[in-house]
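>
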Amino acid sequence: MAFQQAGDPAEPGPAPLFVEKGASWLWVLAGPAAAIAMLMIQVSSGNGYNPLVPVTFLVVVTGFLAIQVKAARIHTAVVLTEQTLQQGTETLRVADIVGVYPPPENSVRSGRKLEKWQTARALGELSGVPRGRTGIGLRLTEQRNVQAWARNHRGLRAALVALKQEYTGSGAPPHSLDEPNDDGGPRP
């Protein structure tokens, strides 16, 4: 199977159920804005106009932000299809997901007791859940726990629960209310 980049029209893949791009290219417009601001400062100061300053701000700020946005689009993008969950550069088969844990009672920052899955490895190549994202506990085959993550964690959780309807998560309970669920986690 050949590597296919996102957006490659040659061979359309399965339709995504959930997508987060990671970062917006609109941030790169801060470079031209910084250049215009420096130009206005020069003109209003009455000391004359030096084109090197606005051009330097344009190149440096635009270049730096372009690198940051590109990195964020690679390492913090989330794509869920019926077959795979991609978190950054790591791709997990949905078939390997046994269940979705319910939302935790305590956040990681609260300093209170955490759920077991909240200390599990975060998917992707980053050392933990990226800043500004919220972890979602997943139970995998072979009794493994991991954290999926997204900015719109409720949307990703709803899409994951819809794929794995026999397990509990936020929203309408996907299993019969008559069945006991004494451990609060997914059932094998």
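Take 1 as the starting number for the sequence shown in full-length UniProt numbering and just add one per residue.
Built from N, CA and C at the ideal position, the CB exists for glycine as well.
1) Report the residue from R73, K113 and G111 whose alpha carbon sits nearest the alpha carbon of A150.
2) For the ligand NAP, any of its heavy atoms closer than 7 Å to the Cβ of T76?
3) Who pairs with Q147 in a beta bridge, going by DSSP?
4) Whether or not the region 65–84 and the region 105–118 are in contact is what I'm after, with contact meaning three or more pairs of Cβ atoms, one per stretch, closer than 8 Å; do they touch?
5) Consult DSSP for T91 and reduce its assignment to one of helix, strand or coil.
6) Do V69 and V28 come within 8 Å of each other at the CB atom, strictly closer than that value?
7) Can you grab the Cα-Cα spacing for the pair G111 / R144, in whole Å?
8) Leaving aside the five residues before and after P130 along the sequence, list all residues of the same chain whose C-beta is less than 7 Å from its C-beta, in chain order.
With the given structure in hand:
1) R73
2) Summarising the ligand content, the structure contains no ligands, and the ligand NAP is consequently not present.
3) A122 and G137
4) At 8 Å Cβ cutoff, the stretches do not touch.
5) T91 falls in the strand class under three-state DSSP.
6) yes
7) 24 Å
8) T76 and W149
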